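Residue numbers (the numbering used here), protein chains in the order written: chain A, 54 to 239; chain B, 33 to 465.
Ideal Cβ placement from N, Cα and C applies to all residues, glycine included.
No experiment lies behind these values; they were computed from the predicted model shown.
Written below as structure tokens is the structure these notes are about.
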Amino acid sequence: MKLTETIYLGSEGRATIVPPSLPTLVVGIGSPHGDDQAGWEVVKQLSDRRMPEFTFRKASVPHAILDWLHSELNVHIVDASLDAEPGVRRYSIRQQPDQSLQITQRQTVNADFVEMAFPDVRSSSSHQLDLVSVLQLASTLGKLPRQFTLWTVSIDQSYKNDGMGPGTASLVSECARQIENEMRNA
Amino acid sequence: MTNETTRTIQVAALTRVEGEGALRICLEDNRVTDVQLSIYEPPRFFEALLRGRPLEETPDITARICGICPIAYQMTSIHALEQALGIAITPEIRALRRLLYCGEWIESHGVHMHLLHIPDFFRCSNSIELAKRFPKEVIRGLRLKKTGNRLLELLGGRAVHPINAAVGGFYRAPRKSELKTLTDELKQGLQDAIDVTRWVSRFEYPDFERDYEMVAMHHPDEYPMNEGRIVSTKGLDIAANEFEQYFEERQVAHSTALQCMRLPTNTAYFVGPLARVNLNPSTLSLSAKQLMSEVGMEWPCFNPYKSIVARALEVIHAFEESLQIIENYEGCSPAKVSYVPRQGEGCWATEAPRGLIYHRYKTTEDGKIAFAKIVPPTSQNQRQIELDLTDYIPSVLGEGDSETALACERLIRSYDPCISCSTHFLKLEVNRK
């Protein structure tokens, strides 16, 4: 399939190259416990908004996404993160010629792009198969989607109840709104 | 740390295993005096958590013990509760349960071989390094994992912590047409598994064999998954309900996981795919049996590193049995056998991907759990791993502490330990005197 790339203006007025015919997949990574369900909850809120043209999935471990990734996809991944400053963060992930990953962060509170060196994004998961390792593996195998966006929602590790804390719940809604806005404008 | 008389080697955190653990080795004049596989994940108290809860919740709660092998926990609890309640399931439900087991074995073995264990044989530090050298093989391994997950999704409702299995059967049985959609993937998977077996059988293996007592289930007519007697390479042959007379879990100071020992000998034993293949060669599927002969290994095999070949053979078996079950499937009605709660007690053993698993429950008249006992495979292998390391370490001590630590990790990974399951693994520390 030959894809036609077009240029559109993103939500913050930035020119972005988007191949519009790419199928879109949104994956929330998490669990049913406390604030860790942030990724799942973003996916739930989005899937409740009746967008049949998009595929939504939940994953309990990052390596589950390897089943679904291939190059001709537009993928949004949502995961919980521990941050010094709470917020919703958006990272663009691109493959470099040497198959390493370039991760570019844009914080919602500050529209300026902040170039981040790869080791600055730290992730962890079962079996040492954390999200960044899984993405590196996908990149090495040529399975990294052409369009790949990682969204992180800050969580409060000290919140121990079954549900999410109010601060995280608010950020989840904000993250869902931003992803929906980006998908509808794509 | 080295001085004239003491040496300490510490693996602070084991990598490419499920969960968190450490290894401490004590040496005196280069003689191993103590090896402690320290599992420091906090206890998870699943048995206590189940008490007082409705028995119907048990499969979904026990599935939470492990994200890689939830089916084994689910199914063992279901079978044990069905025994307590006097439930007899239909042949159709039984066949679907074996299909679900096949999905878990394919997925779990696929992940362990390609993302965790095979990197060791090429001195790769992780699967990313392996993928750079063997991209086609890693893609093939991921394809196996995906097909296993597809089976789990279809039968279990979802791949991780499935929710469709119930006491008495399934909440919903798949339609024949749904299962048929998997046929082409399963045929491809069977060929992939044969190719994986040929590949792993050509690896270079350390020359390390021990006089293990290997323990696995045995069934006269089928490869053991969810039913059978418990047998060993040293002549044990007991019913599952005799497990606690012949095996005992014990607390050890250095680990939050219990260690299970054979009684009355108070000896360690070995569970897992190698034990299963050694004790059940005749019930492997036709292709698995052919490959078992073709790979040129001597069976029974007592080299723990070669567990990977047994794993690959079991993947062949799982694909072939899956195809057979789907071919013969004509639907499953009722999907679930009804029952009346009662006071009772039941126990059962099944085979998780990484070895024998045993559950025992007591139920109350109003359908609650009064008592639960869960013995996972890793707690059964834990003492044997320590003994293996005690024997193996002298051969690698001359290679420096970091190489010694790496060699220990490789041996431990050949067991595919699941630490989260058993805490209910690795920092390496070596003290040399």
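- Here B:E254 is exposed: its Cβ has fewer than 16 other Cβ atoms, across all protein chains shown, within 10 Å.
- In this structure, the straight-line span from the alpha carbon of B:H111 to that of B:A225 is close to 29 Å.
- In this chain, B:D61 is not harboured by any alpha helix (DSSP H), its DSSP state being neither H nor E.
- Rounded to whole angstroms, the separation of the alpha carbons of B:P167 and A:V141 is 35 Å.
- B:T297 is classed as exposed because its beta carbon has fewer than 16 other beta carbons within 10 Å across all chains shown.
- Identification of residues in the stretch 159-177 of chain B having a C-beta nearer than 8 Å to some C-beta of chain A yields S159, I160, A163, K164, P167, V170, I171, L174, K177, given in sequence order.
- Around the beta-carbon of B:E353, 16 or more other beta-carbon atoms lie within 10 Å, marking it buried.
- Between A:L122 and A:A229, the C-beta gap is not smaller than 7 Å, which leaves the two residues out of contact.
- Using a CB distance below 9 Å, the part of the stretch 106-121 of chain A facing chain B consists of K111, A112, S113, V114, H116, A117, L119, D120, W121, ordered along the chain.
- For the pair of segments examined, the stretch 395-412 of chain B was found to touch the stretch 283-294 of chain B: the number of CB pairs separated by less than 8 Å reaches three.
- Chain B places a beta carbon closer than 7 Å to that of A:T193, counting this residue as a contact.
- Collapsing the DSSP output to three states places A:R103 in coil.
- Bounds of the alpha helix (DSSP H) holding B:C134 are 123-143.
- With respect to the 7 Å criterion, B:K208 and B:Y361 are classified as neighbours on the basis of their beta carbons.
- Annotation: B:I357 to B:E435 spans about 46 Å, alpha carbon to alpha carbon.
- When C-beta distances to chain B are compared with 7 Å, every residue of the stretch 208-231 of chain A stays at or above that value.
- Looking only at B:Y105, B:R76, B:A116, the smallest Cα-Cα distance to B:Y133 is reached by B:Y105.
- When C-alpha distances from B:Y390 are compared across B:D423, B:E326, B:E281, B:L316, the shortest belongs to B:E281.
- Scanning its chain for C-beta atoms nearer than 7 Å, with the 5 sequence neighbours on each side dropped, one finds around B:P206 the residues L186, L187, in chain order.
- Shown here, B:E274 sits in a helix according to DSSP, grouped into three states.
- Residue burial is scored here from C-beta neighbours: A:T193 has at least 16 other C-beta atoms within 10 angstroms and is therefore classed as buried.
- Below the 9 Å Cβ cutoff, chain B contributes N158, S159, I160 as neighbours of A:S186, in chain order.
- Counting along the chain, B:V232 sits inside the alpha helix (DSSP H) bounded by residues 215-233.
- A:Q189 reaches chain B at I160, counting residues in chain order whose Cβ is nearer than 7 Å.
- Collapsing the DSSP output to three states places B:M324 in a helix.
- Residue environment: B:P366 is assigned as exposed (fewer than 16 neighbouring CB atoms within 10 Å of its CB, all protein chains considered).
- Here B:E114 is buried. Its C-beta has 16 or more other C-beta atoms within 10 Å.
- The C-beta distance from B:T299 to B:E245 rounds to 7 Å, short enough to meet the 8 Å contact threshold.
- Under the 7 Å criterion on CB atoms, B:G430 is classed as non-interfacial with respect to chain A.
- For A:L182, the C-beta contacts it makes with chain B under 7 Å involve L147, in order along the chain.
- By the beta-carbon neighbour count (other beta carbons within 10 angstroms, threshold 16), B:D433 is buried.
- Separation of the CB atoms of A:W204 and A:I130 is rounded to 7 Å, and the pair is thereby assigned contact status at 8 Å.
- Uninterrupted alpha helix (DSSP H) stretches at least 4 residues long and entirely within the stretch 336-368 of chain B occur at 339-360, given in chain order.
- The beta carbon of B:G84 sits no closer than 7 Å to any beta carbon of chain A.
- A straight line joining the alpha-carbon of B:L218 with that of B:P336 spans about 29 Å.
- Residue pairing by DSSP places A:W121 opposite no residue, since no beta bridge is assigned to it.
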